[in-house]
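Each number in this note's numbering corresponds to the 1-based position in the sequence shown with 24 added.
Note that CB positions come from ideal geometry on N, CA and C, so glycine has one too.
No experiment lies behind these values; they were computed from the predicted model shown.
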Amino acid sequence: MDVTTKALVLRATDYKESDKLILLYSLEYGKITVHAKGIRKGNAKLKFAADQFCFGQYELSKIDDRFTLKTCEQMESFFSLREDVFAYYAACTVAESVMEFTEEGQSEPQVFVEALRALTCLTDGTEPTLVALRFLLGFLRLEGYPLQLSNCIVCGAESEKLFLDRQCGGLVCDSCRSADCTRVTLRTLAACKMVQDMPYDKLKNIDFTQELLKDALRFCSKYISFNHYPLKSLSELLAL
Ligand SMILES: [Zn+2]
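Listed below in structure tokens is the structure:
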């Protein structure tokens with residue numbers, strides 16, 4: 025059976041002598057692995073279809089749960105993301121989050137739209153750390169791990185003095201915290217609250233310092249590693 029889907033390349037790996045296995049994030053099927061035959065040959069016309077962040081209309085042959093690339097019409101290459109190291113690692117953070125958190129074969133249109141919005145925003149020259157922060161806060165909520173930024177996740181009390189607690193896997197108040205926790209500053213919490221529901225096209229108006237953005241991203245990164253495991257691309261972005 026032939027199927028057509030809009031999809032974004034998350035990753036591609038060499039396979040056999042001249043093939044690739046492309047991990048696509050598709051609108052209709054979620055995360056799928058697609059076998060692209062002969063795509064590494066010198067004259068292969070569809071080489072671009074395996075480039076990281078290539079977004080296009082993919083025509084695939086589907087037999088049981090196996091997909092093979094037939095053709096692709098590129099809609100956006102997002103090529104400029106590979107020319108700026110900050111934008112690149114922010115884009116990789118988006119791709120890695122989708123790769124690690126979403127289920128194979130499960131369509132999540134909202135995640136698909138958010139990922140595309142984030143990449144588009146990065147190509148528009150919006151501060152990459154800010155885009156990464158906005159994406160992660162929205163994505164965590166969509167995936168069922170929302171960061172509760174105002175209340176203690178143990179007793180529910182509203183508090184400004186909150187701690188990120190490894191044992192509880194989230195923000196807790198002074199009374200509920202264990203020894204293994206770090207205080208989250210008011211500035212960091214305020215920055216996250218401001219960004220989390222902001223439309224991507226409005227991010228340009230935000231003027232946070234790099235230091236504040238990195239503090240907020242570090243906080244997200246820790247939260248993710250407490251509940252899951254660390255995102256490598258995010259660590260790279262924070263180390264720049
Ligand atoms: Zn509490």
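Taking 7 angstroms as the cut-off, the Cβ atoms of residue 146 and residue 155 count as close. Secondary structure at residue 123: helix, using DSSP grouped into helix, strand and coil.
In summary, residue 103 is exposed, with fewer than 16 beta-carbon neighbours lying within 10 Å of its beta-carbon over all protein chains present.
As a beta-bridge residue in DSSP terms, residue 82 pairs with 29, 96. CA-to-CA, the gap between residue 251 and residue 66 works out to about 44 angstroms. The closest CA to that of residue 123, considering only 221, 263, 32, is found on 32. Runs of the alpha helix (DSSP H) lying entirely within the stretch 185-264 and spanning at least 4 residues, in chain order: 210-220, 234-251, 256-263. For residue 76, the number of other beta carbons within 10 angstroms of its own is at least 16, and it is reported as buried. In this structure, the straight-line span from the alpha carbon of residue 239 to that of residue 25 is close to 49 angstroms. For ligand 1, residues qualifying as neighbours are 176, 178, 179, 181, 196, 197, 199, 200, where qualification means a beta carbon closer than 6 angstroms to at least one of its heavy atoms (chain order). In the three-state reduction of the DSSP assignment, residue 91 falls in the strand class.
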